[in-house]
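Numbering (the numbering used here), first residue to last: 69 to 418.
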């Protein structure tokens, strides 16, 4: 063992320092590359074409295809179909594909989710889920009934309700005697359909129920009409729950009732006010008459007293002042009384 001189020791120390720096940088770069690779998986695929364009629509076909862009970095593709979203595709294509074809019968009635996922050289990416809604079954058979009525001259009302387990009923179309169909929503059909403005006779009514995929089921019934209506003044048209009375009509009717009620209330208040003013005006006239009569009597009595005093040959200074004050106060009172009466009459006349 030998001892290094000072220069050799410094060189060895410097060498060890730089070796440590190189090792740290190399390890850091490796860890960063590994972390970056783990944190940036391939993005979800982008759909470019599909038979099932609208994921919220219902389709009667089970055949079709879905296509997506296939980037160059993709090494594998996984895909599958399930009844719920959020699953992990487990069918892996070692040779990446960009189109999946659905064969006839591959999709049953109901809601399905198609999932597709990319893998690059290192890891699997995000999954794209696409909803597909299939309904190939027509609505359940249903019947049309005539609502009973005790009124003999009333137009008949038919009622009906269909059901569809998969996509639900979208609308009804009602045709009377082969005429132009009338379209009703389920809520409108719930109120029934009245065969108004039809002459007496028997008419074949055809009701077709449509589900949201476009599948149909039709029911028919012969409806007798004996309302005594004669053609010539109105066109033949049935009355639906929509044009007979709807929620909107009810709202308008209630609003009209409120407006009319408010108008009648204000009219009643106005009439009461007018009657009250007339009553006050009559009472004011009576008060005016009574005050004038009373004032006339009072004035006559005062003038009598003044005349009796002034007949004296000699009046004292105080008596002359008193007579003069009485005359002045009498005139002022008469003027003030007349003004107050006029003010009351003016207010009542406004």
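For glycine and all other residues, C-beta sits at the position ideal for the given N, C-alpha and C.
- For residue 196 and residue 178, believed in contact at Cβ under 8 Å, the rounded distance: The residue given as residue 178 occupies position 110 in the chain shown. The residue given as residue 196 occupies position 128 in the chain shown. So it is not a contact: roughly 20 Å between Cβ atoms.
- Using CA coordinates, which residue listed in 363, 375, 372 and 371 is at the minimum distance from residue 404? As a first step, residue 404 must be located in the chain shown, where it is residue number 336. Of the candidates 363, 375, 372 and 371, the one whose C-alpha sits nearest the C-alpha of residue 404 is 363.
- Query: Helix or strand or just coil, what does DSSP make of residue 124?
  - Reply: Residue numbering aside, residue 124 sits at position 56 when the chain shown is read from its first letter. Correct three-state label for residue 124: coil.
- Locate the alpha helix (DSSP H) running through residue 292, then write down its first and last residues. Walking along the chain shown from the start, residue 292 turns up at place 224. Careful: residue 292 lies outside any alpha helix (DSSP H), inside the beta strand (DSSP E) at 284-293.
- Query: Starting from residue 257 and walking both ways along the alpha helix (DSSP H), at which residues does that stretch end?
  - Reply: Here residue 257 is taken as the residue at index 189 of the chain shown, counted from 1. First-last of the alpha helix (DSSP H) with residue 257: 254-258.
- Query: Considering residue 213, what are the terminal residues of the beta strand (DSSP E) in which it resides?
  - Reply: Start at 1 with the first residue of the chain shown, and residue 213 comes out as number 145. Note, residue 213: beta strand (DSSP E), 212-215.
- Terminal residues of the continuous beta strand (DSSP E) containing residue 141? Locating residue 141 in the chain shown gives position 73, where the first residue counts as 1. Residue 141 -> no beta strand (DSSP E), and no H or E assigned at all.
- Query: With 8 Å set as the bound, which would you pick, yes or no: does the beta-carbon of residue 355 sit closer than that to a beta-carbon of chain C?
  - Reply: Considering every chain present, this structure includes no chain C. It has just one protein chain.
- Item | Per-residue DSSP class, three states only, for residue 370 | Here the question's residue 370 lines up with position 302 in the chain shown. The answer is helix: DSSP assigns residue 370 an H, G or I state.
- Task: Out of 126, 353, 129 and 121, point me to the one whose CA is closest to residue 135's CA.
- Result: Along the chain shown, one-based indexing puts residue 135 at 67. Residue 121 is the option with its Cα nearest to residue 135.
- Residue from 390, 235, 267 and 252 whose Cα sits closest to the Cα of residue 245: Mapped onto the chain shown, residue 245 falls at position 177. When each option's Cα is compared against that of residue 245, the closest is 267.
- Task: Give me the Cα-Cα distance between residue 325 and residue 331, rounded to the nearest whole angstrom.
- Result: As a position in the chain shown, residue 325 is number 257, starting the count at 1. As a position in the chain shown, residue 331 is number 263, starting the count at 1. Roughly 10 Å separates the two Cα atoms.
- Just to check, is the beta-carbon of residue 118 closer than 7 Å to a non-hydrogen atom of the ligand MN? Among the components modelled here there is no ligand, and therefore nothing to report on the ligand MN.
- Which term fits residue 373, buried or exposed, when burial requires 16 or more other beta carbons within 10 angstroms of its beta carbon? Residue numbering aside, residue 373 sits at position 305 when the chain shown is read from its first letter. Its Cβ having fewer than 16 others within 10 Å, residue 373 is exposed.
- Query: So is residue 118 buried or exposed if we call it buried at 16+ other beta carbons inside 10 Å?
  - Reply: For this step, residue 118 is matched to residue 50 along the chain shown. That one is buried.
- Output the distance between the C-alpha atoms of residue 250 and residue 259, rounded to the nearest integer angstrom. Counted from its first residue, the chain shown places residue 250 at position 182. Counted from its first residue, the chain shown places residue 259 at position 191. If I take the Cα positions, the gap works out to 14 Å.
- Which one of 247, 147, 241 and 264 has the shortest CA to CA distance from residue 253? Taking the chain shown and counting its residues from 1, one reaches residue 253 at position 185. Selected option, being the one with the closest Cα: 241.
- Item | Rounded C-alpha distance that separates residue 265 from residue 149 | For this step, residue 265 is matched to residue 197 along the chain shown. For this step, residue 149 is matched to residue 81 along the chain shown. Their Cα atoms are separated by approximately 54 Å.
- Would you call the segment 200-207 and the segment 271-289 in contact, with 3 or more CB pairs under 8 Å? yes
- What's the gap between the Cα of residue 143 and the Cα of residue 235? Here residue 143 corresponds to residue number 75 of the chain shown, with the count starting at 1. Here residue 235 corresponds to residue number 167 of the chain shown, with the count starting at 1. So the alpha carbons of these two residues sit roughly 39 Å apart.
- Message: What would DSSP say about residue 266, mapped onto helix, strand or coil?
- Response: Position 198 of the chain shown, counted from the first residue, corresponds to residue 266. Coil at residue 266, not helix or strand.
- Message: Looking at residue 138: is its Cβ nearer than 8 Å to the Cβ of residue 174?
- Response: One-based indexing of the chain shown puts residue 138 at position 70. One-based indexing of the chain shown puts residue 174 at position 106. No; because the gap between Cβ atoms is not below 8 Å, this pair is not in contact.
- Query: In this structure, does DSSP put residue 158 in helix, strand or coil?
  - Reply: For the purposes of this step, residue 158 is taken as residue 90 along the chain shown, with counting starting at 1. Here residue 158 carries a coil assignment [DSSP, helix/strand/coil].
- If you drop the 5 nearest sequence neighbours on each side, which residues of the same chain put their C-beta closer than 6 Å to that of residue 283? Here the question's residue 283 lines up with position 215 in the chain shown. Its chain contains 206 as the residues whose beta carbon lies nearer than 6 Å to that of residue 283, once the 5 sequence neighbours on both sides are disregarded; these appear in chain order.
- Assigned secondary structure, residue 335 (DSSP; H/G/I helix, E/B strand, else coil): As a working mapping, residue 335 is identified with position 267 in the chain shown. It is helical.
- Query: Over what stretch of residues does the beta strand (DSSP E) that includes residue 237 continue unbroken?
  - Reply: As a first step, residue 237 is located in the chain shown; it is residue number 169 there, counting from the start. Taken as a continuous stretch (DSSP letters only), the beta strand (DSSP E) holding residue 237 covers 237-244.
- Query: Are the CB atoms of residue 212 and residue 275 nearer to each other than 8 Å?
  - Reply: Taking the first residue of the chain shown as position 1, residue 212 is located at position 144. Taking the first residue of the chain shown as position 1, residue 275 is located at position 207. The answer is yes: Cβ separation under 8 Å.
- Please report how far the alpha carbon of residue 303 lies from the alpha carbon of residue 297, in whole angstroms. The sequence position of residue 303 within the chain shown is 235, counting from 1. The sequence position of residue 297 within the chain shown is 229, counting from 1. Confidence in residue 303 is poor, its pLDDT being 48 and thus under 50, which makes the residue's placement too unreliable to answer from.
- Query: Roughly how many angstroms lie between the CA atoms of residue 225 and residue 243, to the nearest whole one?
  - Reply: Along the chain shown, read from residue 1 onward, the residue named residue 225 stands at position 157. Along the chain shown, read from residue 1 onward, the residue named residue 243 stands at position 175. In this structure, the straight-line span from the alpha carbon of residue 225 to that of residue 243 is close to 14 Å.
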